[in-house]
Each structure stands twice: as structure tokens, then as C-alpha cells.
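S.K.: A single structure is presented below for examination.
In my numbering, the protein residues as written are 93 to 291.
Structure representation (C-alpha cells):
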């Protein structure tokens, strides 16, 4: 079972509606800086994520803890939908276990903190579907990033931050050729994910 139900994407293009795209207010003194490498490119591309600790304090605290442990370094983006969404955070991808991609995590979940909308650039925690996860608890490490407003997901997933730099990088990732499971054929690896203080 994958942590982001693929059925949610069947009508993405048809059901997207106009939605506010203003950035979610930042409430943290730190940002996450993610460096990614696409395929055999030598250049590392930069993506910056700002947090909203007021709306999702437990989710943000857990994410920061994992970043401090270098948990995400070496993981792949294992799901990509053109102009729509990219997903990562599964430890199985560190060992290129494509068949198990989407099923891994740190061995625990985070209580739902569903308060923020899925604006363009929103960063949200993945989870198992309602049928087996009625409390909508988040996977402990997997997350996805919206490349466009996705209001059809509002009220269902914990949004805990937003991208402030590097949307062009994520957009280019979403356009890579994928296999039948939407896994990019050309690997996209997180080479580094760190925390930086902001003034």
C-alpha cells in the first residue's frame, strides 16, 4: 500500500479549481535547504522549504529531527506527476528498492495536524488512506510538494511548510520520464538536506 493513494490523481487536471496561491506565513527561525541531483548531472539543484510550526508543530519537529540525523540524504524522489506533484522520503529508495517504493518510513506515524491548504509550493506529509488510517496520521518521513494548487486534497493531509526557492527545479523533476508507477526513470537523489537559520 502506497502512502499517497494513486487514485487521488485520476482527476487532478479536471478537478483543479482557482485557489489562493499566497505563501503560507512562516513561523520558524529555520528553513530546510535541500540539494538534489538529477540523473548524471554534476550540478546540484537547490530547494528551500519554510516551515509553519504554529499549524503543524509535531510534524515540523519530527521533520527537523530527521534532517538533523541526515535521514533524507541519499533518498530518491520516487513519484512525479507533470506540473502537479513530486514525492520523496521513503528509506527504501536509498537502496533502489523500486518495488517497495512508497511503503517505507521510520517505523512510526505523526498525529494529523490538518489546518493548512494545498497551495502551489505546499509541502505536506504523506499517509495511508482513510480506510486503514481513519485518524489520518502522517507517515513519519514521507512528504510531497504541490506544483500547483490542489484544493481537492485540503482537509485530508497535514501541510507543514512551503517552498520559497527552487520551484523551477521541482517542476523540471516532474517532467522527467517515469515508469508505470510514476517513478522517474532518471534518478533524482537528495544529496543533502540541512537546516539553516534565518534572520
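Think of the CB as a built atom: it goes at the ideal place given N, C-alpha and C, for glycine as much as any other residue.
Who are residue 202's beta bridge partners in DSSP?
M.R.: Position 110 of the chain shown, counted from the start, is the residue given in the question as residue 202. For residue 202, which the question treats as bridged, DSSP gives the partners 230.
S.K.: Going by alpha carbons, who is nearest to residue 152 out of 168, 131 and 250?
M.R.: Taking the chain shown and counting its residues from 1, the one referred to as residue 152 is at position 60. Among 168, 131 and 250, the Cα nearest to that of residue 152 belongs to 250.
S.K.: Whose CA, out of 179, 177, 194 and 138, lies closest to the CA of residue 125?
M.R.: Against the chain shown, residue 125 aligns to sequence position 33. Among 179, 177, 194 and 138, the Cα nearest to that of residue 125 belongs to 138.
S.K.: Looking only at C-alpha atoms, which of 127, 172 and 217 sits nearest to residue 268?
M.R.: Here residue 268 refers to the residue found at position 176 of the chain shown. For residue 268, the nearest C-alpha among the options comes from 172.
S.K.: Could you tell me if residue 142 is buried or exposed, where buried requires 16 or more neighbouring beta carbons within 10 angstroms of its beta carbon?
M.R.: Your numbering for residue 142 matches position 50 in the chain shown. Buried: at least 16 other Cβ atoms inside 10 Å.
S.K.: Take residue 168 as the anchor and find which of 252, 222, 196 and 123 has the nearest alpha-carbon.
M.R.: The residue labelled residue 168 in the question sits at position 76 within the chain shown. Out of 252, 222, 196 and 123, 196 has the C-alpha closest to the C-alpha of residue 168.
S.K.: Using CA atoms only, rank isn't needed, just tell me which of 132, 287, 289 and 282 is closest to residue 178.
M.R.: Here residue 178 is taken as the residue at index 86 of the chain shown, counted from 1. The residue among 132, 287, 289 and 282 with its C-alpha nearest the C-alpha of residue 178 is 282.
S.K.: Quick check for students: name the residue ranges of the beta strand (DSSP E) that lie wholly in the segment 112-198, counting only runs of 3 or more.
M.R.: 122-130, 137-143, 171-173 and 177-180
S.K.: According to the neighbour-count rule (16 or more other Cβ atoms, all chains shown, within 10 Å of its Cβ), is residue 285 buried or exposed?
M.R.: Numbered from 1 along the chain shown, position 193 holds the residue referred to as residue 285. Classification of residue 285: buried, given that the 10 Å Cβ count is 16 or more.
S.K.: Which same chain residues end up closer than 7 Å to residue 219 when comparing Cβ atoms and leaving out the 5 residues on each side of it in sequence?
M.R.: Taking the first residue of the chain shown as 1, we reach residue 219 at position 127. Cβ neighbours of residue 219 beyond the five flanking positions: 95, 225, 228, 229, 230, 231 and 249.
S.K.: Run through the DSSP bridge pairs and tell me what residue 288 is partnered with.
M.R.: Indexing the chain shown from 1 puts residue 288 at position 196. BP columns for residue 288 point to 123.
S.K.: In the DSSP assignment, what are the bridge partners of residue 254?
M.R.: Along the chain shown, one-based indexing puts residue 254 at 162. In DSSP, residue 254 forms a bridge with 142 and 214.
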